[in-house]
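Residue numbers (our numbering): -14 to 38. Just so you know, even glycine gets a beta-carbon here, dropped at the ideal spot from N, CA and C. All of these numbers come straight from a predicted model, not from anything done at the bench. Read the structure below first, then the notes.
Spelled out as structure tokens, the structure:
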């Protein structure tokens, strides 16, 4: 993933896309004690993703 700068991959079952897996998901699974896994596990803040007028 790093070599090709890929951050997300589709998850496919029987030829149909059923989800996405990201580099953070892999970090949490394979190396749960790393800083990257910790950041990837953080819950978003309540204001994250909103735009103020």
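DSSP state of residue i mapped onto helix, strand, coil
i, result
"residue 9", "helix"
N- and C-terminal bounds of the beta strand (DSSP E) containing residue i
i, result
"residue -7", "-7 to -2"
Cα-Cα separation between residue i and residue j, rounded to whole angstroms
i, j, result
"residue 2", "residue -12", "24 angstroms"
"residue 0", "residue 16", "30 angstroms"
"residue -3", "residue 7", "14 angstroms"
"residue 20", "residue 10", "13 angstroms"
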